[in-house]
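Below you'll find the structure, written out as structure tokens, and then a few comments.
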Amino acid sequence: MIPCVMIHELKNDRLIRALLRQPVDRTPIWIMRQAGRYLPEYRRTRQQAGSFMDLCRSPELACEVTMQPLRRFDLDAAILFSDILTIPDAMGLGLQFVENEGPRFSSPIRNRSDVDRIGVPDPESDLRYVMDAVRTIKRELDNRLPLIGFSGSPWTIATYMIEGGSSREYRFAKAMMYAEPETLHALLEVLARSVADYLNAQIAAGVNAVQIFDTWGGILTPAAYREFSLRYMKDIVGRLKRGTGSQTVPVILFTKGGGAWMEDIAASGCDAIGLDWTVSIGDIRRRTGGRVALQGNMDPAILFGSTDSIRAEAAEILAAFGSGTGHVFNLGHGISQHVEPDKLKVLVDAVHELSVPYHSE
Ligand code: CP3
308 MIPCVMIHEL
318 KNDRLIRALL
328 RQPVDRTPIW
338 IMRQAGRYLP
348 EYRRTRQQAG
358 SFMDLCRSPE
368 LACEVTMQPL
378 RRFDLDAAIL
388 FSDILTIPDA
398 MGLGLQFVEN
408 EGPRFSSPIR
418 NRSDVDRIGV
428 PDPESDLRYV
438 MDAVRTIKRE
448 LDNRLPLIGF
458 SGSPWTIATY
468 MIEGGSSREY
478 RFAKAMMYAE
488 PETLHALLEV
498 LARSVADYLN
508 AQIAAGVNAV
518 QIFDTWGGIL
528 TPAAYREFSL
538 RYMKDIVGRL
548 KRGTGSQTVP
558 VILFTKGGGA
568 WMEDIAASGC
578 DAIGLDWTVS
588 IGDIRRRTGG
598 RVALQGNMDP
608 AILFGSTDSI
618 RAEAAEILAA
628 FGSGTGHVFN
638 LGHGISQHVE
648 PDKLKVLVDA
658 VHELSVPYHS
668 E
């Protein structure tokens, strides 16, 4: 007989409760890219590691940088320190992060035979360093806070694989979409299976929630978004082993620039939608009729403003969402490396303090 023990008894479960639309005492907050270059201690650890990928590949150092923002700010979640490009790296595309330029692949995907050469990575062998990082961070967190796992969306990962790096125009990815849609579908199919396996392995290793970053979904037409991005995210959501009851692992879908498609995203089976700052969170709450939780959506640039403007904007967003659960505060995209860390403290404390009245009933 296996004794009946709770696997996670989180001391702070506000994030999970808000994502599942259960009552909370105040609005939880975490920040995309909360571990990163705006923190001097991150820059030191990054230097110690040598390169960004060496940092990701060391479970101890990935754990250290995951913990760094939690020592400074009263955040309601940790997020795994890793990257969305670990999957194509494991597929053998030869990933490098070039200083002041970003990611670059030595073997981009340009045609059907390139797609036919790649396979679905085995998360516990090919991406073992990520699962080891999850286990190390879970041990270090000791259930004080939930840990968020993540992946890129198939479409967003595909843009990097096809372009060979970051892009302005998405010339090659869009050319493949319009000239050879079956090739793109074949690539997205392999990626959807890879992402589902990868997230399920993160869940098995202990993450308490997962987010899919669809950073480039917003560059698509409405029809292309449905066919090439949302469809595959929906497929992944359906394949996730999310558990039940108090063990449920909620799923957040974040399509940057996805404001026009909220109803479709809400119908995907996800628990929560991440919002960028181009929409009103109140409008989206009405449009999605409380079917999902909402995460966001402060303009990251507000953190360049004064303490007063940061507090005022936090108050504005809390009021726009209104009373009741189902809101996770965040920025509308990752925090800038140029932000002064004390400004983030102002935001985190403001959200906790100002959100109490919205949860009094
Ligand atoms: O949020 C977190 O704190 C967790 C860590 C995290 C990173 N990348 C660390 C990182 C997460 C969730 C990501 C996701 C990611 N990576 C996305 C989707 C989210 C988004 O921002 O839209 C994308 C598009 C990537 C791909 C990527 N990684 C690019 C284009 C770059 C280079 C651009 C840049 O900002 O320099 C990275 C590198 C990267 N990933 C850094 C960090 C902290 C900076 C690397 C460094 O230390 O030099």
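According to my numbering, the residues represented by the sequence shown are 308 to 668, in order.
Glycine included, C-beta positions come from ideal geometry on N, C-alpha and C.
Only a predicted model underlies this, so the values are computations on that prediction, with no experimental measurement involved.
{"Item": "Terminal residues of the beta strand (DSSP E) in which M540 lies", "Value": "Element bounds for M540: not the beta strand (DSSP E) but the alpha helix (DSSP H), R538 to R546."}
{"Item": "S460 - DSSP class collapsed to helix/strand/coil", "Value": "coil"}
{"Item": "Supposed close pair L448, A385 - CB separation, criterion 8 Å", "Value": "6 Å"}
{"Item": "Same chain, Cβ closer than 7 Å to V655, neighbours up to 5 away in sequence not counted", "Value": "I336, F380, D381 and L382"}
{"Item": "Cβ separation of G576 and G597, assumed to be a contact under 8 Å, to the nearest whole Å", "Value": "No, G576 and G597 are not in contact; Cβ-Cβ is about 16 Å, not under 8 Å."}
{"Item": "Limits of the unbroken beta strand (DSSP E) element including H492", "Value": "Per DSSP, H492 belongs to no beta strand (DSSP E); it is in the alpha helix (DSSP H), P488 to A512."}
{"Item": "Burial state of K318, where buried means 16 or more other Cβ atoms lie within 10 Å", "Value": "exposed"}
{"Item": "Neighbour-count burial assignment, P664, 16 or more Cβ in a 10 Å radius", "Value": "exposed"}
{"Item": "F561 vs F628 beta-carbon contact at 8 Å", "Value": "no"}
{"Item": "Endpoints, the beta strand (DSSP E) within which P395 is located", "Value": "Premise fails: P395 lies in the alpha helix (DSSP H), T393 to A397, not in any beta strand (DSSP E)."}
{"Item": "Exposed unless 16 or more other CB atoms sit within 10 angstroms - verdict on I309", "Value": "Here the model assigns I309 a pLDDT of 44, short of 50, so the residue's position is not dependable, and the following value carries that caveat. Exposed, because fewer than 16 other Cβ atoms sit within 10 Å of the Cβ of I309."}
{"Item": "H634 Cβ short of 7 Å to the ligand CP3 heavy atom set", "Value": "no"}
{"Item": "For P415: DSSP bridge partner residues", "Value": "Looking at the DSSP assignment, P415 forms no beta bridge with any residue, so it has no partner."}
{"Item": "C-alpha distance - S420 paired with L392, whole-angstrom precision", "Value": "21 Å"}
{"Item": "Reference W568; option with closest CA among R533, E489 and P430", "Value": "R533"}
{"Item": "The segment 343-355 / the segment 620-635 touching (three or more Cβ pairs under 8 Å)", "Value": "no"}
{"Item": "The segment 465-473 in contact with the segment 403-421 per 3-pair CB rule at 8 Å", "Value": "yes"}
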